[in-house]
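Visitor: For the record, the sequence lines run as chains A and B.
For the first sequence, the numbering used here gives the first residue as 94, with consecutive numbering after it.
For the second sequence, the numbering used here gives the first residue as 23, with consecutive numbering after it.
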Amino acid sequence: MASPSRNNEMQLKTESSRKATLHVLFFERSFRKLLFAMVIFMILLIGAMLITLVVFSIPSITKFGFSFLTGTTWDPANDQFGAFSFVVGTLMTSILSLAFSIPFSMSVAIFLGEYFTSGTLSSVLNSALELLAGIPSIIYGIVGFFILNPFLIQLLKVFHIQYAGVGIFSAAFLLAIMIIPYSASIAREVIQLVPNDLKEAAYSLGATRYEVVTKIMIPYSMSGIFAGILLSFGRALGETMAVTMVVGNSSQLNWSVFGLGDTIASRIANEFGEAFGLHLSVLVEIGLLLMIITVFFGVLGRWIIQKTSVRD
Amino acid sequence: MINDVKLVKRNLRKDRIFVGIISVFSLLCVVPLIVILYFIFVNGASSINWNLFTHDGGIGEEGAGILHAIIGTTEITLLASLIAIPVGILAGVWMAENTRGKFSGFARIVVDVMQGVPSVVLGMVVSIWIVKPFQSFSAFSGSVALAIMMLPVVIKNTEETLKLVPGSIKEAAYALGLPYHRIILKIVLPCGLSGILTGVLVAVARIAGETAPLIFTAFGANYVNLNIFKPMETIPGIIYKSYTFYGEGASVAWGASFVLVIFVLTINLIAKVVINRWKVKF
Numbered sequence: 094m095a096s097p098s099r100n101n102e103m104q105l106k107t108e109s110s111r112k113a114t115l116h117v118l119f120f121e122r123s124f125r126k127l128l129f130a131m132v133i134f135m136i137l138l139i140g141a142m143l144i145t146l147v148v149f150s151i152p153s154i155t156k157f158g159f160s161f162l163t164g165t166t167w168d169p170a171n172d173q174f175g176a177f178s179f180v181v182g183t184l185m186t187s188i189l190s191l192a193f194s195i196p197f198s199m200s201v202a203i204f205l206g207e208y209f210t211s212g213t214l215s216s217v218l219n220s221a222l223e224l225l226a227g228i229p230s231i232i233y234g235i236v237g238f239f240i241l242n243p244f245l246i247q248l249l250k251v252f253h254i255q256y257a258g259v260g261i262f263s264a265a266f267l268l269a270i271m272i273i274p275y276s277a278s279i280a281r282e283v284i285q286l287v288p289n290d291l292k293e294a295a296y297s298l299g300a301t302r303y304e305v306v307t308k309i310m311i312p313y314s315m316s317g318i319f320a321g322i323l324l325s326f327g328r329a330l331g332e333t334m335a336v337t338m339v340v341g342n343s344s345q346l347n348w349s350v351f352g353l354g355d356t357i358a359s360r361i362a363n364e365f366g367e368a369f370g371l372h373l374s375v376l377v378e379i380g381l382l383l384m385i386i387t388v389f390f391g392v393l394g395r396w397i398i399q400k401t402s403v404r405d
Numbered sequence: 023m024i025n026d027v028k029l030v031k032r033n034l035r036k037d038r039i040f041v042g043i044i045s046v047f048s049l050l051c052v053v054p055l056i057v058i059l060y061f062i063f064v065n066g067a068s069s070i071n072w073n074l075f076t077h078d079g080g081i082g083e084e085g086a087g088i089l090h091a092i093i094g095t096t097e098i099t100l101l102a103s104l105i106a107i108p109v110g111i112l113a114g115v116w117m118a119e120n121t122r123g124k125f126s127g128f129a130r131i132v133v134d135v136m137q138g139v140p141s142v143v144l145g146m147v148v149s150i151w152i153v154k155p156f157q158s159f160s161a162f163s164g165s166v167a168l169a170i171m172m173l174p175v176v177i178k179n180t181e182e183t184l185k186l187v188p189g190s191i192k193e194a195a196y197a198l199g200l201p202y203h204r205i206i207l208k209i210v211l212p213c214g215l216s217g218i219l220t221g222v223l224v225a226v227a228r229i230a231g232e233t234a235p236l237i238f239t240a241f242g243a244n245y246v247n248l249n250i251f252k253p254m255e256t257i258p259g260i261i262y263k264s265y266t267f268y269g270e271g272a273s274v275a276w277g278a279s280f281v282l283v284i285f286v287l288t289i290n291l292i293a294k295v296v297i298n299r300w301k302v303k304f
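#1: Could you tell me whether any Cβ in chain B is nearer than 9 Å to the Cβ of residue 135 of chain A?
#2: As a quick exercise: from B:243, B:32 and B:266, pick the residue whose alpha carbon is nearest that of residue 90 of chain B.
#3: Once the 5 residues before and after residue 291 of chain A are set aside, which same chain residues still bring their CB inside 8 Å of it?
#4: Tell me the residue span of the alpha helix (DSSP H) that contains residue 10 of chain B.
#5: Could you say if the region 196-206 of chain A and the region 46-54 of chain B meet the contact criterion of at least three C-beta pairs nearer than 8 Å?
#6: Which residues in the same chain as residue 107 of chain B place their Cβ atom closer than 8 Å to its Cβ, once the five residues preceding and following it in sequence are excluded?
#7: Taking its Cβ as the centre, do 16 or more other Cβ atoms sit within 10 Å of residue 72 of chain B, making it buried, or is it exposed?
#8: Residue 279 of chain A and residue 225 of chain A - do their beta-carbons sit closer together than 9 Å?
#9: Any idea what DSSP makes of residue 158 of chain A, helix, strand or coil?
#10: Check the Cβ-Cβ distances between residue 36 of chain B and every residue of chain A, and say whether any is below 9 Å.
#11: So, is residue 355 of chain A buried or exposed, given that buried needs 16 or more other C-beta atoms within 10 angstroms?
#12: Could you tell me which of B:270, B:259 and B:287 sits nearest to residue 338 of chain A, measuring between CA atoms?
#13: Examine chain B for any beta-carbon lying closer than 9 Å to the beta-carbon of residue 95 of chain A, and answer yes or no.
#14: Excluding the five sequence neighbours on either side, which residues of its own chain have a C-beta within less than 8 Å of the C-beta of residue 226 of chain B, listed in chain order?
#15: Identify, in the order they occur along the chain, each residue of the same chain with its Cβ nearer than 7 Å to the Cβ of residue 405 of chain A, setting aside the five sequence neighbours on each side.
#16: Which residues, taken in chain order from the region 276-291 of chain A, show a beta carbon closer than 7 Å to some beta carbon of chain B?
#17: Taking C-alpha atoms, which residue in A:135, A:394 and A:190 lies nearest to residue 319 of chain A?
#18: Could you tell me whether the Cβ of residue 111 of chain A comes closer than 9 Å to any Cβ of chain B?
#19: Using 8 Å for Cβ pairs, my map puts residue 267 of chain A next to residue 335 of chain A. What's the rounded Cβ distance?
#20: For a test of the three-state rule: what should DSSP assign to residue 290 of chain A, helix, strand or coil?
#21: Kindly provide the ranges of any alpha helix (DSSP H) runs that are 4 or more residues long and lie completely inside the region 234-282 of chain A, ordered along the chain.
#22: State the start and end residues of the unbroken alpha helix (DSSP H) segment that holds residue 57 of chain B.
#23: Below 8 Å, can you find three or more Cβ-Cβ pairs linking the region 196-207 of chain B to the region 105-124 of chain A?
#24: Under the three-state reduction of DSSP, which class applies to residue 173 of chain A: helix, strand or coil?
#25: Figure out for me which residue from A:255, A:289, A:379 and A:109 has the closest Cα to the Cα of residue 175 of chain A.
#26: Could you give the distance in angstroms between the alpha-carbon of residue 246 of chain B and the alpha-carbon of residue 254 of chain B?
#27: Mind listing the chain B neighbours of residue 410 of chain A? Cutoff is C-beta to C-beta under 8 Å, in chain order.
#28: Is the separation between the beta-carbon of residue 119 of chain B and that of residue 206 of chain B shorter than 9 Å?
#29: Quick test of your reading: residue 70 of chain B and residue 277 of chain B, contact by CB under 8 Å. State the CB separation rounded to the nearest angstrom.
#30: Beta carbons nearer than 7 Å to chain B: which residues of the region 296-308 of chain A have them?
#31: Of all the CB atoms in chain A, is at least one closer than 9 Å to the CB of residue 265 of chain B?
#32: Would you mind working out which of B:287, B:29 and B:164 sits nearest residue 256 of chain B, comparing C-alpha positions?
#33: Find out if the Cβ-Cβ distance for the pair residue 279 of chain B, residue 94 of chain B is shorter than 9 Å.
#34: Any beta carbon from chain B within less than 9 Å of residue 405 of chain A's own beta carbon?
#35: Could you tell me whether any non-hydrogen atom of the ligand SAM is closer than 8 Å to the CB of residue 303 of chain A?
#36: If we define contact as Cβ-Cβ less than 9 Å, is residue 273 of chain A a contact residue for chain B?
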């Protein structure tokens, strides 16, 4: 009993619903493509950054070669550049800051991860660390410049050490405070991953809590703790503002902890604005160097963390 | 027997000493925060006055304020968010949806690399890209640098939040015949809203206080400027330029620091509230 007109209507309906389906499919495909395009965009961005850094540092690399890293004269007026003193300054401030921060960050990690996992004390300390991590580095810089430096002069006078008020020591001190929250929070997380049966087994053998922490928990979570330290080391290497405000900005080679110095990041911040020609290329080259080092430590640290958390 | 008792006692003493040392070191970590906040609030509060918020002007000048810096930071931060948030969220969705395969592993490493790039190097690159060709510092180039800083934070937070959305919700939506884009936009993203929003807020708080990438991109100015293709002053920038001054200049530096700390801490606080209040539990 199908009349021709009805048939036609049916056909029209399927036609329109097919169109609607195609429409939806088109949107769906474009949406998937859009998501993917964003990821590709991100990868291209990093690629373009690397290429820019490499291309712009070529004049400096061809002119100075490897001696750039071992030279100690830095004289933009005469186009003489050697970055050794900044490499030394960067490593000194960062390693010293790690040395200062490790006792504190490990204590915090054990304190929050084992002894006080909840309660008022733990939430107070937790919020304090979060706030410390959230304070901009320029604020660390200004407090370091006006408050910490005079304090350090007085403090070091007690030990009969002449201190100019600015220098490697101030920078390392400030960096240590800045990186404590990072290594502490990572170390805390891995310490909490230690399986309970391991701890209970040790307790049942008569171990004290001190022994459980130092002989079971810390060895077990060592790789994660190490990863946290690597990550905070990467941060310390790349930190700019707080360091440049207290480090003294001296381009002389200096091996003394209490002397003036400068870091790679700080030198770039001070000179890149007015740099051109070879000077610009030299700054780009030390920037590339800094980026490779910090990225290496950052990626290595995250890789280790991923490995350790997959283990459980 | 006596020896055993002695041993146990010694062990217990060690245990107590250890707890003591740990506690002292941990609580000492609060001291820097108290010192920083105390001096920022004391010095900042004394330099805060009506004039500071209503005037612009050069550093060290009589009656100079930070109005231009407040406007500049707001504008640059907003523009950076406008660029970074859509890209970051969409890329984060892709990362959460595609967890397997070599390419997604590579993309993850790229995000890590991006997070590891020092901010000063980022500023340098963006300066080479935008400032040098146009021969002019600009707020726009500063926003681009800050947007690149924001990206990895937004991506990571989006990815990690969306991974927590249970697959059953998505399967239910698929079973109803919903197309992919509606599932993501109407179901998955709203489920992870609190986490994504927290990520965005944390990223905004981070870039609002960032100085290093702005020194040679947005550069700074002594007057109110709304044009994003001209140099623009920011709050961190004004602190950096005025801290070596004494008297009027130092006072402006403390006032600006006070404003910046309040701003950053408020955003962090909002982020905390958002994650606690709006959290969707599965």
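In this text, a Cβ means the ideal position worked out from N, Cα and C, and glycines have one as well.
Guide: By the coordinates alone:
#1: yes
#2: B:243
#3: 309 and 313
#4: Beyond the ends of chain B as shown, which are 23 and 304, falls residue 10 of chain B; an answer cannot be given.
#5: yes
#6: 172, 176 and 222
#7: exposed
#8: no
#9: coil
#10: yes
#11: buried
#12: B:259
#13: Bear in mind that the predicted position of residue 95 of chain A carries a pLDDT of just 49, short of 50, making it too unreliable to give a figure here.
#14: 99, 103, 172 and 289
#15: Its pLDDT being 45, under 50, residue 405 of chain A is placed unreliably by the model, and the measurement read from it follows with that caveat. Closer than 7 Å at Cβ, skipping near neighbours: 286.
#16: none
#17: A:394
#18: no
#19: 5 Å
#20: helix
#21: 242-251
#22: 52-69
#23: yes
#24: strand
#25: A:379
#26: 8 Å
#27: In the structure displayed, chain A extends from 94 to 405; residue 410 of chain A sits before or after that span and is not available.
#28: yes
#29: 5 Å
#30: 301, 302 and 303
#31: yes
#32: B:164
#33: no
#34: Low local confidence applies: a pLDDT of 45 at residue 405 of chain A is under 50, so the model's placement there is unreliable, with the coordinate-based value given in what follows. No - not a single Cβ of chain B is within 9 Å of the one on residue 405 of chain A.
#35: Absent from the structure shown: the ligand SAM. Ligands present: none.
#36: yes
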